[in-house]
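I have placed the structure first, in the form of structure tokens, so that the comments after it can refer back to it.
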Amino acid sequence: KINGHANVPRRSGPLGEWMAKQRTHYRYLIEGKNSPLTTDKRQKLESIRFDFKFLPTYPSWDERFRELVDYRNINGHANFPTKVGPLETWVSDQHRQYSLLKEGKDSPLTIDECEKLESIGFEFKHRAIFFSSWDKRFQELVDFKKINGHTNVPTNCGPIGSWVNNQRTEFRQLEEGKYSSLTIERRDKLDSIGFRFYIHKKS
1 KINGHANVPR RSGPLGEWMA KQRTHYRYLI EGKNSPLTTD KRQKLESIRF DFKFLPTYPS
61 WDERFRELVD YRNINGHANF PTKVGPLETW VSDQHRQYSL LKEGKDSPLT IDECEKLESI
121 GFEFKHRAIF FSSWDKRFQE LVDFKKINGH TNVPTNCGPI GSWVNNQRTE FRQLEEGKYS
181 SLTIERRDKL DSIGFRFYIH KKS
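Going by full-length UniProt numbering, the sequence shown opens with residue 1, and the numbers climb by one from there.
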């Protein structure tokens, strides 16, 4: 009413931030991802001529992913440092969205995108402490079995203990139909050495 339009700049305090979020949620919607922007909310915004494309177009998820791949190819890893610019903001958002996904909450981050990130060595902050590459920890478990005759590593047995416990957690996630980093190939490898996904506590 005062300004004759609904294009509030992002720097205009809380309202500007809120409107920027609506544009982000709209972008998720047109990309076919989960979005809190319902049809009713969108229509209400459209009724006041809200411009969903008022801000410059943001790079798509795949474009940011390709930037991260380029970073990995140059630096040898995908653990992007902080305070480096727009890509850092995107990387931080992947950690945040992954946490929501693990908690069973709505997130625009898809399972396919999680797997793409993991395929280039991206390590989510939500993962177990002492996380290293999966194959490296698996080999440590194989060595443990050769020495001890079993794969029941105590959880207090350093990094390998934490990793083994995490495999059981990921297996439960898989059985519950939730996102899990435990692929069929990894599960089969654990099965091949007699790994027990369930440990029954003695009464």
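Cβ atoms here follow ideal geometry from the backbone N, Cα and C, with glycine treated the same way.
Might you give, ordered along the chain, the residues of its own chain that have their beta carbon closer than 6 Å to the beta carbon of residue i, omitting 5 neighbours on each side?
i, result
"S35", "H25, Y28, L29"
Do you know how far the Cα of residue j is from the Cα of residue i?
i, j, result
"L190", "G158", "19 Å"
"L182", "F197", "12 Å"
"A78", "G121", "6 Å"
"F131", "F50", "Low confidence applies to F131: its pLDDT is 38, below 50, so where it sits in the model is not reliable, and the reading given next is rough at best. C-alpha separation (whole angstroms): 45 Å."
"E113", "I147", "38 Å"
"P108", "K41", "18 Å"
Under the assumption that residue i contacts residue j (Cβ atoms under 8 Å), give the Cβ distance between them as a whole number of angstroms.
i, j, result
"N165", "T155", "5 Å"
"L101", "R64", "No, L101 and R64 are not in contact; Cβ-Cβ is about 17 Å, not under 8 Å."
So, is residue i buried or exposed, given that buried needs 16 or more other C-beta atoms within 10 angstroms?
i, result
"E17", "exposed"
"V142", "exposed"
"S92", "exposed"
"R66", "exposed"
"P14", "exposed"
"S192", "exposed"
"E175", "exposed"
Among the options, which residue has its Cα nearest to the Cα of residue i?
i, options, result
"V69", "E140, K116, Q97, R137", "K116"
"W61", "R72, W90, L37, H77", "W90"
"R72", "Q43, E118, Y98, R137", "E118"
"I111", "T39, D188, K178, D40", "K178"
For residue i, I'd like the list of residues in its chain whose CB is within less than 7 Å of its CB, leaving aside the five on either flank, ordered along the chain.
i, result
"G194", "T151"
"E185", "none"
Leaving out the 5 sequence neighbours to the left and right, which residues in its chain are closer than 8 Å to residue i when beta-carbon positions are compared?
i, result
"F144", "T151, V153, I160"
"L37", "Q22, H25, Y26, Y28, L29"
Following a CB-centred definition, is residue i positioned closer than 8 Å to any heavy atom of the ligand ATP?
i, result
"E17", "In the structure on display, the ligand ATP does not appear, and there are no ligands present to speak of."
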